[in-house]
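Residue numbers (the numbering used here): 2 to 522.
Quick reminder that beta carbons are idealized off the backbone N, C-alpha and C, glycines included.
Remember, predicted model here, so these are calculated numbers, not experimental data.
Down below is the structure, laid out as C-alpha cells.
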Amino acid sequence: MKRTLTYDVNHKKEEREIDYIPVRYIIAVLISVLEVLAILAILFALCYYVPYFYLAAWATEIFCVIRIIASDDNPDYKVPWLLFVLIIPVAGFMLYFMFYSRRLQKRFIKRLDNLKSHAYKKDDSELLTKLKEENPVAAAQANMLCKIADTHLFTNTTQEYFPLGEDMHKRMLVDLEAAERFIYMEYFIVEEGKFWNSILDILKEKVASGIDVKVLYDDIGCMMTLPGDYHKQLKKFGIDAMPFSRLKGNADSEFNNRSHRKIMVIDGKVGYTGGVNIADEYINEVIKFGHWKDTALRLEGEAVWELTKLFMVDFGINKRRLPKMREDLYPQQSHISAPGYIIPFGDGPHPIYERRVGKSVIQNMLSGATRYAWMTSPYLIIDNDLCTDLENVALRGVDVRIVVPHIPDKKIVFAMTRSFYHRLMDAGVKIYEYEPGFIHAKSYLVDDDFAMVGTINLDYRSLVHHFENGVWMYQCEAVKTLKKDIDDTFEKCIEVTPNMLKTSLLQRFICSVARIFAPMF
C-alpha cells in the first residue's frame, strides 16, 4: 500500500511516496487479533457448555490476582493488570497469560548465552579500585552498572559529542569512507532519503571492496518507512540485512519488545550512538514538528567493544544461523588515551535483563546529585519510584530541570507528559519546553561529573519494554560539551509555569485513565 506525503525540505515542498502499513503488517496484526479472539471464544464456550468449567475459570482468576500481587514487579505495572483480570471476566486472565511477561524458549536462551560467551573478556577490578580511590560514589555506580548490564568499565576511549543530528551525519560519512574491515548498523528507524541514501551509497562501495556490512532495523519501527521486504533488497547489494523481531502475527510480546537501539560500529574501533535514527527529520532535512533537536556520541577506543557485542547479540538472535565471530571484532587500542571513565551498556525487557538498567542508572545519578541534575527527553511518562526520586532530589535543594518538546509528535502522549508537570513542579522541579520544535535527545547530566547519553527516554517503553542502549560517563570531555549544549538549549526553551497548565475536566480524566494503562504499552 502506497501513500504520498508532502514534506518541507529546505523550505521547499516536496512529495514522497512511501509504503504506508504494508500488507504483510496488516496480515500479521489480523492474525494476532484472530488468535486472541479464537482463544477467548474457546474459553467462553467451555465455560458455557462444560459443567462446572466456570469454577475452574474462577479459580484461575483468583490465582492470577494472587500471582500479580505477590510478584516483584513495579506496582505501577501491577495495577492495570489487576484491573484487567478483575473487571473483565475470563478474558482478563487469558490476556494476562498471553501478554503479562516475555517468555523465552530454551533454544533462544541457549543462543543468547552462546553469543555472549564469544564476546570480549575483560577484568574490571584494577580500574574499579582506581576509580574507588578517586571517587567512591562513582565507583559504586560503575560497579552496579557493570553487574546488572553485563558490561565493563573503560578508560582508553575518546568521545565526541554532537548537539545535532546533522553534525553527527557529516562526521559519520567520513568514518564510513575510512572503513577497512566491517560496518555494523542497528537502528529503530531507517527511512529512504538524503540521510540513509548517503550512507547506503558508501555501504554499496564497501561491500564491493570486500568489507563485511551488516544492517539491523526494527520491523515495527520501520513499518511506515521501508517496504516489508527491504532486507531482501539490501541483500541484493551484498549487505547482510535483517529486521529485528520480524512481525509474524504471534499473540505475545513481539509487538512490545522492540529494538529502540541506535548503534553504528566501524572496524570495532569507532562507534556511534545516541537518539538519532537514520531518517531525514533527524538531520532537519525534513520538517515535521519544527526544529528537530537530537544528540549523539562518537566513541573511539576500547569502549566500542561493548557496542560491537550488543550488535552481534541482537543480530545473532534474529538470524537462523549464528554469525561468525571474527577475530578482529574487538581490536586492541591501548594507544588511545583520554580522561575519565566510560561504560557503554544495553538495557531490555525481563528476563533478558533481570533489572531495569536505564532506570537504575538515572536513579543512581540522581541519588548522588548535590548541585544540579539536568535531563532532556521527548516524553515524560514515569512510574511513581522515579517520580519520587526526582521530587526528593529537588526537595534537597538540587537544581532539577527537565527539557521536553513544545511541539508534540503524538498529542495524547504529550498530554500525558504534561499531566506529570503539577506533581514535579510542586516539589521544585523545573520543566522546560523546547520552543523551536521537538527535542528527541535523551541526555542526563549531574554536577559537571556524571552523564548518560543514549536511546533511553523517560517513558515506560524505554524504561520497561524496549531494547535500549546508553553510555555512562564520569569526568569525560563529552560531559563538558553536553553541559554547554544543555545550557544553550535552556535559552531556546519556555519555562513552564502553573498558569500554563489549565486543562478541562475531560482532558484530565482522559489523561488519568491513560496513565493507569501506560505501563502496559
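| Asked | Found |
| --- | --- |
| Exposed or buried, which one is residue 514 when buried takes at least 16 other CB atoms within 10 Å? | exposed |
| Mind listing, in chain order, the continuous beta strand (DSSP E) runs of no fewer than 3 residues lying wholly within the segment 202-288? | 213-219, 241-245, 264-267 and 271-275 |
| Shortest alpha-carbon distance to residue 458 belongs to which of 467, 451, 150 and 24? | 467 |
| So what does DSSP say about residue 136, is it helix, strand or coil? | coil |
| Name the DSSP bridge partner or partners of residue 470? | 347 |
| Exposed or buried, residue 350, counting other C-beta atoms within 10 Å across all chains shown (16 or more means buried)? | buried |
| Please state if the CB of residue 26 and the CB of residue 224 are separated by a distance shorter than 8 Å. | yes |
| Determine whether the beta carbon atoms of residue 84 and residue 66 lie at a separation below 8 Å. | no |
| Quick one: residues in its chain with C-beta nearer than 6 Å to the C-beta of residue 527, no 5 flanking neighbours on either side, listed in chain order? | In this structure the chain extends from 2 to 522, so residue 527 is not present and cannot be described. |
| Is residue 283 buried or exposed, if buried means 16 or more other CB atoms sit within 10 Å of its CB? | buried |
| Entirely within the segment 422-492 and at least 3 residues each: give me those beta strand (DSSP E) ranges in chain order. | 431-435, 438-440, 444-447, 451-455 and 469-475 |
| Cα separation between residue 498 and residue 406? | 15 Å |
| Is the distance from the Cβ of residue 177 to the Cβ of residue 267 below 8 Å? | yes |
| For residue 116 and residue 438, which I take to be in contact (beta-carbon distance under 8 Å), what is that distance rounded to the nearest angstrom? | Between residue 438 and residue 116 the Cβ distance is about 39 Å, and since that is not below 8 Å, they are no contact. |
| Select from 493, 261, 286 and 281 the residue whose C-alpha is nearest the C-alpha of residue 275. | 261 |
| Could you give the distance in angstroms between the alpha-carbon of residue 165 and the alpha-carbon of residue 298? | 10 Å |
| Going along the chain, which unbroken runs of the alpha helix (DSSP H) with 4 or more residues stay wholly within the segment 49-130? | 54-71, 76-88, 92-100 and 107-118 |
| Taking a contact to mean a Cβ-Cβ separation below 8 Å, would you say residue 348 touches residue 496 in this structure? | no |
| Looking only at C-alpha atoms, which of 198, 447, 81 and 154 sits nearest to residue 363? | 447 |
| Put residue 401 into one of helix, strand or coil per three-state DSSP. | strand |
| Count the CB pairs spanning the segment 157-171 and the segment 204-211 that are closer than 8 Å, and state whether there are at least three. | no |
| Out of 346, 423, 109 and 356, state which residue places its alpha-carbon closest to the alpha-carbon of residue 246. | 109 |
| Buried or exposed, going by whether 16 or more other CB atoms sit within 10 Å of the CB of residue 140? | buried |
| Give me the Cα-Cα distance between residue 201 and residue 334, rounded to the nearest whole angstrom. | 28 Å |
| Where does residue 334 fall in DSSP's three states? | coil |
| Short check: CB of residue 212 to CB of residue 240, under 8 Å? | no |
| Looking only at its own chain, which residues have a Cβ that is under 7 Å from the Cβ of residue 34, when we skip the five neighbours before and after it? | none |
| Taking contact to mean at least 3 C-beta pairs separated by less than 8 Å, is the segment 366-375 in contact with the segment 387-407? | yes |
| Residues bridged to residue 292 by DSSP? | 438 |
| I need the DSSP call for residue 342, collapsed to helix, strand or coil. | strand |
| Is it true that the segment 87-106 meets the segment 400-420, where meeting means three or more beta-carbon pairs spaced less than 8 Å apart? | no |
| Measure the beta-carbon distance from residue 450 to residue 480 and round it to whole angstroms, keeping in mind my assumption that it falls under 8 Å. | 7 Å |
| Going by C-alpha to C-alpha distance, which of 69, 163, 460 and 61 sits closest to residue 300? | 163 |
| Please classify residue 73 as buried or exposed, where buried requires at least 16 other C-beta atoms within 10 Å of its C-beta. | exposed |
| What span of residues does the alpha helix (DSSP H) with residue 307 cover, start to end? | 305-319 |
| Short of 6 Å in beta carbon distance, which residues of its chain neighbour residue 186, apart from the five on each side in sequence? Order them along the chain. | 216 and 265 |
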